[in-house]
Every structure is written in structure tokens, then in C-alpha cells.
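First residue of the sequence shown: 147, per the numbering used here; consecutive thereafter.
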Amino acid sequence: MAEFTDLTVVIPALNEARTIASVIEANLRIAGSVVIVDDGSTDGTGEIARKSGATVVRNDEPTGYDAAIAAGMNRAFEQGAVAVVTCDADGQHRGEDVREVSAKVLREGYDYCAGVRDHYNRPIEAVLGLVSRPLFGTRDPFCGLRCYSRKIYEKFGPFPPQLNVGTLPMLWIQSSGLRGTFLPIRMEKRADHPRFARRIRANWLLFSAFARTTGAYLTGGRRS
């Protein structure tokens, strides 16, 4: 039986047929349910996920990381989840870290907990982390492992399709008085190349997303 029956794991997936079954299996030991957002995969990811016990939200065409995450979280909270944790489909997020991040919300009463990775995929993440730390309390604003309480959904949901590569919730926590925390995690090595854009485009997407969130923070916005 799952450790947290009222927890749902939301995983965006694009052509992750090699790893998706094992990722679902590991997360079903922790959470009562898993929602896979199959974001236009062409390799059978969605069918494998369904056979592995996950609920599958299917997009015929790729919508992007933020939109996939938002769709999955909205589905999970609409179906009654008390908390939702997001992680990646490539197996880099360890089960023990998913468990510990989720426990911060479900056992310790935080409304939000995000991982802080032991290494970055791109140098720009380290640079932006230097800005993020004094503003939002973390040097890793882009970690995909995050747990959200139902309070966040009730206050800010349904979540918009533009989450600024996951950085917008940090602004929500700062502006609302909800309790957030961060937890160091260790990343496993990825077997192939990341799905999040090509190098130059990825750097620009990360920079512009963080700039939007930071700009909203400095001007007192909440949903920018």
C-alpha cells in the first residue's frame, strides 16, 4: 500500500517510453495515484503509462513543460488530491527524495516544498540561482521536484498554463503568507538527452521565465 494515499504524483512526459514504467512503479509505492501528462509522445509512452497503473492525460501535440504540469496538477486536485508532487519522467528524481519532499507538506504542515539539486544541467541555472537565493530562499528555482498542498490550489488554482518553468509558485508563497521550504536532493544520472529544448533556446527560456517571475515579485504581482 502507498505511504501517502492522499498524494498524487504528476509527471509530464514526452517520449519517455524507456523509463516511464519504472518511474510509475516507484512512485506508486509512495503515492495513492500517478497522473502522467503525455505531451504528444510518439513512442507509446502514454500506453505504457496506462498499463503501468497511471491515469494518463493525453495531448495530441506537445504543449510544453509548464502547460503539461499545470494540466496534470489541475486534474489531480479536481479529483480530490490533498497534495500533489511533481517530478520528471526520466528517472533522475529518486524515490526517497520524492518521499521526503512530500512528507514536508503532508506530515510537517508546509504548503510547498521544492528540491534543491546537487548539480545543474546548465550553467545559467547556477547564475540565476545567485539571484534567486536572496529573493526566494533557494539557489535552485528550476528543480522539477515540488510538492503543493491543496491550499495553494484553492488560493491560486486552476493553475495557468504559463508557470514560468515552475518558478511562479515561489512568488505565490512569498506573496500569500503560505509556508514554503526547500530540501536538498541528489539527482540520478539521465540515460539520454533532456527533452527541455535545445541548449541556446533552453537558456533563453529559463532566463526569460525567471525574469518574469522576478519582475512580478519586485512589482507586487502574483500571477505574472
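Even for Gly, the Cβ is constructed at its ideal location relative to N, Cα and C.
Inset, instruction - Enumerate in chain order the residues of its own chain whose CB-to-CB distance from A217 is below 8 Å, with the five nearest sequence positions on each side excluded. - result: Result list for A217: V183, V203, N205, T209, P307, in chain order.
Legend entry - Own chain, CB closer than 6 Å to N173, minus 5 neighbours either side, in chain order: Around N173: V155, V180.
Inset, instruction - Taking 9 Å as the cut-off, decide whether the C-beta atoms of F305 and I215 are in contact. - result: Cβ atoms of F305 and I215: closer than 9 Å.
Legend entry - Start-end ranges of the beta strand (DSSP E) lying completely within the region 244 to 271, minimum 3 residues: Runs found: 258 to 262.
Inset, instruction - Check whether the Cβ atoms of L324 and D257 sit closer than 9 Å, and answer yes or no. - result: It is a contact, given that the beta carbons lie within the stated cut-off.
Legend entry - Limits of the alpha helix (DSSP H) - the one that D184 falls within: It is not in any alpha helix (DSSP H) - D184 instead sits in the beta strand (DSSP E) that spans 177 to 185.
Inset, instruction - Have a look at T165 and D243 and give me their C-alpha separation to the nearest angstrom. - result: Rounded to the nearest angstrom, the two C-alpha atoms are 18 Å apart.
Inset, instruction - Name the one or two DSSP bridge partners that S295 has. - result: Answer by DSSP bridge pairing, in chain order: A229.
Inset, instruction - Decide if F342 is buried, meaning its Cβ has at least 16 other Cβ atoms within 10 Å, or exposed. - result: Residue placement at F342 is poorly supported in this model, since its pLDDT is 49, which falls under 50; the coordinates still yield a value, given next. F342 should be labelled buried.
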